[in-house]
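Counting along the sequence shown from 1, when you hit position 91 you're at 91 in the numbering used here, and nothing is skipped either side. Glycine residues also receive a C-beta, built at the ideal position from the N, C-alpha and C atoms. Predicted, not measured: the structure shown is a model, and the values here were computed from it. Worksheet for the structure shown next.
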Amino acid sequence: MAYIIYERELWRSPLPAVSICVSGRIVLNAPAARLFNAHRVEWVLLLSDPEQRKIAVGALTNRRKKDKRAFRIDYQPRLSEAAVCAKSFLKRLGWDGRRYRLDAHWDEENSRLEFTMPDWGSAKRMILPVEVSRQKAG
Numbered sequence: 001m002a003y004i005i006y007e008r009e010l011w012r013s014p015l016p017a018v019s020i021c022v023s024g025r026i027v028l029n030a031p032a033a034r035l036f037n038a039h040r041v042e043w044v045l046l047l048s049d050p051e052q053r054k055i056a057v058g059a060l061t062n063r064r065k066k067d068k069r070a071f072r073i074d075y076q077p078r079l080s081e082a083a084v085c086a087k088s089f090l091k092r093l094g095w096d097g098r099r100y101r102l103d104a105h106w107d108e109e110n111s112r113l114e115f116t117m118p119d120w121g122s123a124k125r126m127i128l129p130v131e132v133s134r135q136k137a138g
C-alpha cells in the first residue's frame, strides 16, 4: 500500500486580507497587520455600511484621544497577524458564526481597512466556511 502525501492548503496573500474566525475575531493577515503597525495603531473602530455591504476596521492613531467605542488591536510576534475581538459587532450584522476569508483594501485617505461583507449563511459562497465539530470529553 502506498502512502499519499497530504499537501497543506495555505491561504496566503501578499495583499491585505482578513479572516472572520468562529470565535468572533477579525484577524488581519501579515500585510494588513504591518499597515496598522506602521501607523502605530493600538485602537480601532469597527464600521459597517449595510447598504453597500461593507465592513471597515478604522485606525485610531496615538495622536487622537482614545474613543469609548474603540476596540483594542492585538499584534502577534513578528507581525504575522493582528486581531480584534468583534463578536458582538459581527452578530449585529447577522454573522452566522462561520469562518470567512476575505480580500481587503487599505483606504489611505481615511486610514481604514475595508472589505465586502459576506453573504452570511448563503449556500453560494465566494469564500470558504470552516466547519467546527465538538467532541465529548471522555
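In the three-state DSSP reduction, Arg53 falls in the coil class, being neither helix nor strand.
Rounded to whole angstroms, the separation of the alpha carbons of Asp67 and Pro50 is 23 Å. Around the beta-carbon of Tyr100, 16 or more other beta-carbon atoms lie within 10 Å, marking it buried. In this chain, the alpha helix (DSSP H) harbouring Ala30 covers 30 to 38. As the crow flies, the alpha-carbon of Pro118 is around 43 Å from that of Met1. By the neighbour-count criterion, in which a residue is buried when 16 or more other Cβ atoms sit within 10 angstroms of its Cβ, Asn29 is buried.
In the DSSP assignment, no residue is bridged to Leu15.
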